[in-house]
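Please read the structure below before turning to the comments.
Residue numbers (this note's numbering): 43 to 510.
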């Protein structure tokens, strides 16, 4: 091949690379995916931000005012035979859910000024050939009305639980008080026919009373007032041990002795302290309903938000791109003939690249994460189209009508690749008396440009846009 031909072939990949921005690559509107009957319809979009759309209507006829979704990515990639090789186990899902989600989104009917359909904006692109766990949460505010007798009964139940908690741990925190109020209110309302539907046996319905208007300052004051009795509890526990020890000691002393009388006096003193501590604790028990009056007043305004967590939905981000690249490049061919006199020649070639892993060249990051080398590797199969091979002025014949290429290609980036392959040619006999040729193999090292033509043509003929 002549020097100018060699220069042209080496410059061809560079020229195509520089012209790549001129190819039709446009950004289309954000994709939308539907969530219906507890599952995603179709495949999750990948590589771009997108919307999840669904109905706010719930089975009991209510409309959710707040919808949230959390998305977790399961480990590993799924494609080809792997996709159906085995199902995801419940243990894998549980372990995944134990970690933080990769993305979450929240929709509010009040903010969106829309009540029938929610639109959750997912602002993190997902990875293709991956499985995801989605968990949807619907929140519905419901106002409950209780009469005075019902409030009295509810406050009594709350007081019992608060007292038990104080006895159990010697004090009580703000979060303890709030949790007790939530649980007792939910249990109480769940027993009432008119509200039972909101507190069914469905394990995925969790009543939460974030909107019950009890301020942190109120809870803190309650916690402090109740905690003032904790010293009596500590005294009572201490005296129980001391009394047991003193009575055991008295049993070992001689009745009527000075030591026995001294121990009796000590026992009487401790019993008096014990009685005082018990009276103070009883005072706390009697005073609890009054302390909780602030809670009773707030029950008038109870606006309860109950939460429905849908069963986790497994969904796949499937690759919808053609996994065959189109290479156009130039290469150097080593001509290692039996004379041991090595020589080189150049050729241009076109080839197909069959990737070992899923790729999508329409994306800024077209490769899977993880195994860097293998994810960018492809099998190269093509033919030379520029010129003919020469060795010391001798034309090397095309063995099968063309110079075939077979080897491997490694993507440096989404456009450029380095190729290592082999080609087949026939070397005619150097003797003019012999008309035979010998098949030989020459190593090839080249650089190619991948125009991703299959995907570009597919989008062109389908009327869609080639997305980047």
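Cβ coordinates follow ideal geometry from the N, Cα and C atoms, glycine included.
If you check the CB distance, residue 482 and residue 467 come in under 8 Å.
Counting of Cβ neighbours within 10 angstroms places residue 289 among the exposed residues, the total staying below 16. DSSP places residue 185 in the uninterrupted beta strand (DSSP E) bounded by 172 to 185. In terms of CA proximity to residue 180, 160 leads the group 189, 191 and 160. With fewer than 16 other CB atoms across the displayed protein chains lying within 10 angstroms of its CB, residue 406 is exposed.
For the set 479, 184 and 409, the Cα lying nearest the Cα of residue 442 is the one of 479. Residue 231 carries a helical assignment under DSSP once its states are collapsed to helix, strand and coil. Here residue 222 is buried: its Cβ has 16 or more other Cβ atoms, across all protein chains shown, within 10 Å. Annotated three-state conformation of residue 400 is coil, per DSSP. Between residue 368 and residue 165, the C-beta spacing is not below 8 Å.
Going by DSSP, residue 197 is part of the alpha helix (DSSP H) stretching over 190 to 211. Residue 265 and residue 143 have their C-alpha atoms roughly 34 Å apart. Around the beta carbon of residue 101, fewer than 16 other beta carbons sit within 10 angstroms, so the residue counts as exposed. DSSP places residue 362 outside both helix and strand once states are collapsed to three, so it counts as coil. For residue 282, DSSP records no beta bridge to any residue.
Annotated three-state conformation of residue 71 is coil, per DSSP. Taking C-beta separations shorter than 7 Å and ignoring five residues to either side along the sequence, the partners of residue 356 in its chain run 130, 173 and 175, following chain order. At the C-beta level, residue 193 and residue 338 come within 8 Å of one another. Annotation for residue 147: the continuous beta strand (DSSP E) segment containing it runs 145 to 150.
Pairing residue 419 with residue 450 gives a Cβ-Cβ distance under 8 Å. In the DSSP assignment, residue 386 forms a beta bridge with 376.
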